[in-house]
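For reference, the structure is listed below as structure tokens.
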Amino acid sequence: MILALIISISTLLIGVFFHLLNITWIADKIKSQSENLYIKTPAVVTIAIVSQILIAGIFTLSYVFAMKLGVGNFAQPSTAVDIFYFSLTTITTLGLGSVEPTGDLRMLAGIESATGFLLISCSAQKVFRTINE
């Protein structure tokens, strides 16, 4: 359980770092290059979506790493694509449940869901501010 917690917190910190880098530094750079709201807003939305996909990929790598360390597994045999699909549905808090982690790997899924909720909220705030500038 301690190992799962260490992997979860490490992945959370890496994901938040990359997301904040994307929606602050990169998005602000694009916003400063254009005064046109019809260019700025879609650019910021695209950056937020790509950032979520990137972070889902980071969590996918963490699931694979944790599985290799024996932290847990998935209920059914899963390919890397299945795990990435699971990560995407988890980070968006959709959680379809067609792929399910077992053991302490469930902790990583819970942390990913909470991280996704936080990052979606940050992205929404950035888009709102872009529209209102």
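What the sequence shown shows, in UniProt numbering, is residues 1 to 133, in sequence order.
Backbone N, C-alpha and C fix where the C-beta goes; we use that ideal spot for every residue, glycine too.
The structure displayed is predicted, hence computed values, not measured ones.
Is the separation between the beta-carbon of residue i and that of residue j shorter than 8 Å?
i: V44; j: T130; result: yes
i: S113; j: G95; result: yes
i: S8; j: L108; result: yes
i: D82; j: V99; result: yes
i: L21; j: M67; result: no
i: I91; j: I55; result: yes
Do you know whose CA, among the options, lies nearest residue i's CA?
i: I23; options: A48, E100 and A75; result: A48
i: H19; options: I53, A4, N36 and T90; result: I53
i: G57; options: I6, M1, F84 and F74; result: F84
i: F117; options: L105, T89 and D104; result: T89
i: T115; options: F17, A4, L3 and W25; result: F17
i: L12; options: K126, L37 and Y63; result: Y63
i: F128; options: I55, K40 and A80; result: K40
i: A4; options: C122, N132, I111 and E133; result: I111
Distance check for residue j and residue i, CA to CA, integer angstroms please.
i: F65; j: I120; result: 25 Å
i: L124; j: S32; result: Note on residue identity: the sequence assigns Ala, not Leu, to residue 124. One C-alpha to the other measures close to 19 Å.
i: T93; j: S87; result: 10 Å
i: G15; j: M1; result: 21 Å
i: S78; j: F59; result: 15 Å
i: E133; j: A75; result: 48 Å
i: D28; j: L61; result: 29 Å
i: V50; j: A80; result: 19 Å
i: I6; j: N73; result: 17 Å
i: residue 136; j: S34; result: Here the chain covers residues 1 to 133 and nothing more, so residue 136 does not appear.
What three-state label does DSSP hand residue i in the structure shown?
i: N22; result: helix
i: G116; result: helix
i: P101; result: strand
i: N132; result: helix
i: G110; result: helix
i: G57; result: helix
i: G70; result: coil
i: G95; result: coil
i: T11; result: helix
Under 8 Å, Cβ to Cβ, is there at least one residue of chain C near residue i?
i: I131; result: The displayed structure is made up of one protein chain only, and chain C is not part of it.
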